[in-house]
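My numbering puts the first residue of the sequence shown at 2, with every later residue one more than the last.
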Amino acid sequence: VMSNPLRPALLAAARSERVKGAVLKAPVTRSIVRRFVAGETLDDAMAAAAALLAAGRSVSIDYLGEDTFDVGEARATVVAYLALIAELGRLPQAGVDGVHPLEVSVKLSALGQGLPADGDKIALDHARTICSAAQTHGVWVTVDAEDHTRTDSTLSIVGSLRADFPWLGAVVQAYLRRTEGDCRDLAGAGSRIRLCKGAYSEPESVAYQSRAEVDASYMRCLATLMRGDGYPMVATHDPTIIGSVDELLRETGRNVDGFEHQMLFGIRELEQKRLVDAGRRVRVYVPYGSQWYGYFMRRLAERPSNLWFFMRSAATR
Ligand code: FAD
Numbered sequence: 002v003m004s005n006p007l008r009p010a011l012l013a014a015a016r017s018e019r020v021k022g023a024v025l026k027a028p029v030t031r032s033i034v035r036r037f038v039a040g041e042t043l044d045d046a047m048a049a050a051a052a053l054l055a056a057g058r059s060v061s062i063d064y065l066g067e068d069t070f071d072v073g074e075a076r077a078t079v080v081a082y083l084a085l086i087a088e089l090g091r092l093p094q095a096g097v098d099g100v101h102p103l104e105v106s107v108k109l110s111a112l113g114q115g116l117p118a119d120g121d122k123i124a125l126d127h128a129r130t131i132c133s134a135a136q137t138h139g140v141w142v143t144v145d146a147e148d149h150t151r152t153d154s155t156l157s158i159v160g161s162l163r164a165d166f167p168w169l170g171a172v173v174q175a176y177l178r179r180t181e182g183d184c185r186d187l188a189g190a191g192s193r194i195r196l197c198k199g200a201y202s203e204p205e206s207v208a209y210q211s212r213a214e215v216d217a218s219y220m221r222c223l224a225t226l227m228r229g230d231g232y233p234m235v236a237t238h239d240p241t242i243i244g245s246v247d248e249l250l251r252e253t254g255r256n257v258d259g260f261e262h263q264m265l266f267g268i269r270e271l272e273q274k275r276l277v278d279a280g281r282r283v284r285v286y287v288p289y290g291s292q293w294y295g296y297f298m299r300r301l302a303e304r305p306s307n308l309w310f311f312m313r314s315a316a317t318r
């Protein structure tokens, strides 16, 4: 998390329209973006999903977009999700009993959460529309976690929706100081909780800053979820954390069908395969769409080698 000294600058750039213009113009950008994003169209997403499903993995598909301040744009996002869900509903994996291999991930800020008037209510209504379509088509939904100013609103919207859609998943971020407490509150029967480290730039007042502190928090949160009665979704590429799962399974007696690993599209492909071969459930988060800028910059910020690859290719053009 903190091992990359350029992380704060990159995460600031992820919110800058000026840098966005420059990155979008760089001729090399597209080929590198394709390492992390399935493509711009629904067909691209479906092709990536088909390949992953054929390889024994589950998917969570994300229609890229965030921080909408335009209600028309938020509605267009709902329409895109309805098309995606209908398309997933045609696959033989739709509605499989127990754990659904097909899921979509949704950002409430793309559904209008940030609108000045009634943002929370608009996002809740939009998410409800998406959840009922998903229920009809045998697809699951998880609500992504965004920056800390939205955590309360997001968890409360998820809480309201879970009354009607008890299978709805939520995400918590180990870098936030509050998250251990959230994990205790959310570890109850029937809850699906994705635990990740967290991808945004957050102040010291609310978030651990060093890698060691974030990793230690992740381990405490993971133990809480594994000892609880819900369905933990272990979203990390970190080999140390993934390795620690064995011990937690022994300690808690939890079955391998009682949780899943999750990784991002294009990252640690061989490890995804290894886990599937070892009998683990693995779900891959597959982003697609034209609004890839923020997502792409967060991936560059995570890993210096991704950034160097980008800079080197850009410089040698
Ligand atoms: P890091 O500390 O970034 O990496 C740990 C180790 O993993 C590295 O040292 C390396 O050994 C290995 N590694 C990482 N990347 C690579 C690579 N490219 N190749 C080889 N090895 C690698 N964040 C949010 O804020 N909100 C969300 O809703 C959210 N959803 C997510 C969903 C999924 C399924 C996943 C996997 C992540 C999600 N994230 C989300 C992002 C997350 O918060 C982290 O930013 C991201 O996963 C990187 O953290 P890490 O746990 O992999 O650990």
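For every residue, glycine included, the Cβ atom is placed at its ideal position computed from N, Cα and C.
- In the three-state DSSP reduction, His-101 falls in the coil class, being neither helix nor strand.
- Each of Gln-210, Val-72, Tyr-232, Gly-139 was checked against the Cα of Gly-170, and the nearest Cα belongs to Tyr-232.
- Of the other Cβ atoms in all chains shown, 16 or more fall within 10 Å of the Cβ of Thr-225; this residue is therefore buried.
- When Gly-90, Ser-202, His-238, Pro-204 are compared, the shortest CA-CA separation from Tyr-219 is found for His-238.
- Excluding five sequence positions before and after Leu-54, the CB atoms of its chain that fall closer than 7 Å to its own CB belong to Val-60, Gln-94, Pro-102, given in chain order.
- Distances between the C-beta of Tyr-286 and the heavy atoms of the ligand FAD include at least one below 7 Å.
- In this structure, Ile-158 places its C-beta atom within 8 Å of the C-beta atom of Leu-125.
- Take the alpha-carbon of Cys-222 and the one of Val-246: they are about 12 Å apart.
- With a cutoff of 8 Å on beta-carbon distance, Leu-116 and Phe-166 are scored as not near each other.
- Remark: C-beta atoms of Glu-67 and Ser-106 do not approach each other more closely than 8 Å.
- Straight-line spacing of the CA atoms in Arg-185 and Ile-242 works out to 19 Å.
- Proximity of the stretch 277-296 to the stretch 258-268 meets the contact definition, three or more beta-carbon pairs being nearer than 8 Å.
- Burial state of Gly-199 is buried, judged by a 10 Å Cβ sphere holding 16 or more other Cβ atoms.
- When rounded, the separation of the alpha-carbon atoms in Arg-16 and Leu-249 is 38 Å.
- Bounds of the beta strand (DSSP E) holding Ser-61 are 59-64.
- Cβ-Cβ separation between Ile-131 and Val-79: approximately 6 Å, consistent with a contact (criterion under 8 Å).
- At a threshold of 7 Å, Met-220 does not count as near the ligand FAD, since its beta carbon sits no closer than that to any of the ligand's heavy atoms.
- Using a cutoff of 7 Å, the CB of Gly-199 counts as near the ligand FAD, since one of the ligand's heavy atoms is closer than that.
- Between the ligand FAD and Val-34, a heavy atom-to-CB distance of less than 7 Å is absent.
- Of the candidates Leu-112, Glu-252, Trp-168, Trp-168 places its Cα closest to the Cα of Gly-139.
- In terms of side-chain proximity, the C-beta atom of Pro-305 is found no nearer than 7 Å to any non-hydrogen atom of the ligand FAD.
- Counting of Cβ neighbours within 10 angstroms places Leu-162 among the buried residues, the total reaching 16 or more.
- In this structure, the beta-carbon distance from Leu-11 to Met-298 falls below 8 Å.
- About 6 Å separates the beta carbons of Thr-143 and Arg-195, which is inside the 8 Å limit, making them a contact pair.
- Residues Ala-302 of the same chain have their beta carbon placed closer than 7 Å to that of Arg-8, with the five preceding and five following residues left out of the count.
- The beta-carbon separation of Val-283 and Glu-252, rounded to 22 Å, does not stay under the 8 Å limit for a contact.
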